[in-house]
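Position 28 of the sequence shown, counted from 1, bears residue number 28 in our numbering, the numbering being contiguous throughout.
Here's the structure we're looking at; comments come further down.
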Amino acid sequence: MSSWFGPGDTQRVDSAELDVREGGAYRIRFFTEDGQEHDVAGVYQEVVPHRRLSFTWAWKSTPERVSLVTVVLRPVDGGTELDFLHERLFDQHARDDHARGWAGALAKLQALLAG
Numbered sequence: 001m002s003s004w005f006g007p008g009d010t011q012r013v014d015s016a017e018l019d020v021r022e023g024g025a026y027r028i029r030f031f032t033e034d035g036q037e038h039d040v041a042g043v044y045q046e047v048v049p050h051r052r053l054s055f056t057w058a059w060k061s062t063p064e065r066v067s068l069v070t071v072v073l074r075p076v077d078g079g080t081e082l083d084f085l086h087e088r089l090f091d092q093h094a095r096d097d098h099a100r101g102w103a104g105a106l107a108k109l110q111a112l113l114a115g
C-alpha cells in the first residue's frame, strides 16, 4: 500500500492496519507533501476474494461523516477491470476532494502494476 495509497502528493504511508474480512476493521495513516497527516478508518462490509470489496470510510477528523467505498474486479482479456464507487459523501466539496485523491491513488496503482 505504501507504493500507491493516497493522493498524488502523498509523501508516505505511515501505517496501514487491515483486517480484510467482513466485519474486520482497517486504519490507514499517511502524510502529504505539505506535512499534513491524514487518518482514515472503517469496517469491511463485503469481502469476495478476487471479485468485490466494500468498506465504510471515515476520517479521524470527521468520524460522523461515514461514506462507503465499493471496488468490483472483473477479469477481461489480458487483465482485470476495476470499477470504483465512493458514495454517501457528506457534500459536493467532500466528493470533489475524494475524487482528486482517489484519481491520484489509482494512477499510482496503475503505474505500479504496469511495472
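Glycine residues also receive a C-beta, built at the ideal position from the N, C-alpha and C atoms.
Computed from a predicted structure; not experimentally measured.
For residue i, which of helix, strand or coil comes out of DSSP?
i, result
"Trp102", "helix"
"Asp97", "helix"
"Gln36", "coil"
"Leu89", "coil"
In the DSSP output, which residue or residues are listed as bridge partners for residue i?
i, result
"Pro63", "According to DSSP, Pro63 bridges with nothing at all."
"Ser54", "Glu46, Thr70"
"Ser122", "Since the first residue of the chain shown is 1 and the last is 115, residue 122 is not available in this structure."
"Asp83", "Val72"
"Ala41", "Arg27, Ala58"
Short of 6 Å in beta carbon distance, which residues of its chain neighbour residue i, apart from the five on each side in sequence? Order them along the chain.
i, result
"Arg74", "Glu81"
"Pro120", "Nothing about residue 120 can be read from this structure; the chain reaches only from 1 to 115."
"Ala25", "Asp19, Val43"
Using 8 Å as the threshold, is the C-beta distance between residue i and residue j below it?
i, j, result
"Leu85", "Thr70", "yes"
"Leu113", "Ser3", "no"
"Asp9", "Thr32", "yes"
"Arg65", "Phe90", "yes"
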